[in-house]
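Asker:
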Amino acid sequence: MIRSLRERLLAPRAPSGYRPGATLACLARNLGQHNLAAAGVIHDPAQGWQAKVHERVEAHLLMHIVTCEFQLQLPAPQGGEVSLELRHTGALRRTGLACVYRKGDRARFAQLRDRLLKQAALVAALMPLDFKRLTLAWRDGQWLLTLEHMGGSEVVNRMPAFRRYIPISPQQRVHLMASLAQFNALLPNL
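Using the working numbering, count along the sequence shown one by one with no gaps and you end on 307.
(1) Please name the residue, chosen from R280, F226 and A215, that lies closest to G207 on a Cα-to-Cα basis.
(2) Output needed for P192: all residues of its chain with C-beta closer than 7 Å, excluding positions within five of it in sequence on either side, in chain order.
(3) Quick check on A131: does DSSP put it in helix, strand or coil?
(4) How should A238 be labelled, buried or exposed, when 16 other C-beta atoms within 10 angstroms of its C-beta is the threshold for buried?
(5) Taking the alpha-carbon positions, what's the A224 to R281 distance?
(6) Three-state secondary structure (DSSP) at I119?
(7) Report all residues from its chain with a CB closer than 8 Å to the CB of L246; omit the five preceding and five following residues, and keep chain order.
(8) Return helix, strand or coil for T212, following the three-state DSSP convention.
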């Protein structure tokens, strides 16, 4: 009896007030990608890339945050399992980009870090981009890039009750599309 009660209380579930797909619909309108909410894919036909988009829910006390995560998956001809994270440097102002080792081959990480940070177009697209998390991992012959933008998210509070969508500004949209296009062109050659 106590065990089943404990399992029900601790079972993973969506927070109260979470509306699946609502944030994706707002993001689709925000980015001008009308089929995003149904297909979960954002694309740029001119540059020939597409990325998956899905909602990610973070539950907190009396509130939850729904963010949209962009995933770009590309074939990788060269091997070497590695996982890294890209971050902005600087305490108050952005001064550059840093690669943080997560796991895998350290020699491959050092090579990737040097090649990524030497790409001027990629750095130019990422510096003004307001991202919360950007990870890059090589697994099973494929690159998986995961980018979580600060915009395109929804904050839902229960006390006081409010729901706010945080849009991606037009400038951030340009930087987001440019960074995804740069990664699409760069990753198959790494």
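The beta-carbon is built from N, C-alpha and C at its ideal position, and this holds for glycine as well. The model shown is predicted, which means the values in this text are computed figures rather than measured ones.
Answerer: From the atom records:
(1) Taking the first residue of the sequence shown as 1, we reach residue 207 at position 90. Cα-wise, what sits closest to G207 is A215.
(2) On the sequence shown, residue 192 is found 75 positions in, with the first residue counted as 1. Cβ neighbours of P192 beyond the five flanking positions: G258, Q259 and P305.
(3) Mapped onto the sequence shown, residue 131 falls at position 14. Coil at A131, not helix or strand.
(4) The residue given as residue 238 occupies position 121 in the sequence shown. Burial is judged here by how many other beta carbons sit within 10 angstroms of a residue's own beta carbon; A238 has fewer than 16 and is exposed.
(5) Here residue 224 refers to the residue found at position 107 of the sequence shown. Here residue 281 refers to the residue found at position 164 of the sequence shown. Rounded to whole angstroms, A224 to R281 spans 44 Å at the Cα level.
(6) Mapped onto the sequence shown, residue 119 falls at position 2. Three-state DSSP puts I119 in a helix.
(7) In the sequence shown, counting from the first residue as 1, residue 246 sits at position 129. Contacts found: H266, Q289, H292, L293 and S296.
(8) Walking along the sequence shown from the start, residue 212 turns up at place 95. T212: coil per DSSP, three-state reduction.
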